[in-house]
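Presented below is the structure to which this report refers.
So, in structure tokens, the structure goes:
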């Protein structure tokens, strides 16, 4: 892509090799331990449900009932924009 745009390489070769090795190791771990992946995803799902329930109760505490759609949309936007406390700021996402 960088060559098409006539720019220098964005990432050095060492970075590319390191990331490829990490993704390969991660995919091998997923294939080797699918139960661990399912457990991790389950725990994450429960954590998000608890966060949504807490946010819903907060709306009710201020006598402002809210439907599920706007609640989930607001939660998703806050999580994506970095307002959530669960994602460290240095991840760069």
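Numbering (the working numbering), first residue to last: 52 to 144.
Glycine included, every Cβ here is placed at the ideal spot set by N, Cα and C.
- Counting along the chain, residue 121 sits inside the alpha helix (DSSP H) bounded by residues 119-132.
- For a cut-off of 8 Å, the C-beta gap from residue 117 to residue 110 is around 5 Å, short enough to register as a contact.
- Secondary structure note for residue 55: it is in no alpha helix (DSSP H), with a DSSP letter that is neither H nor E.
- Setting aside the 5 residues that flank it on each side, residue 123 has no residue in the same chain whose C-beta is closer than 6 Å to its C-beta.
- In the three-state reduction of the DSSP assignment, residue 107 falls in the helix class.
- For the pair residue 106 and residue 126, the CB atoms are nearer than the 8 Å cut-off.
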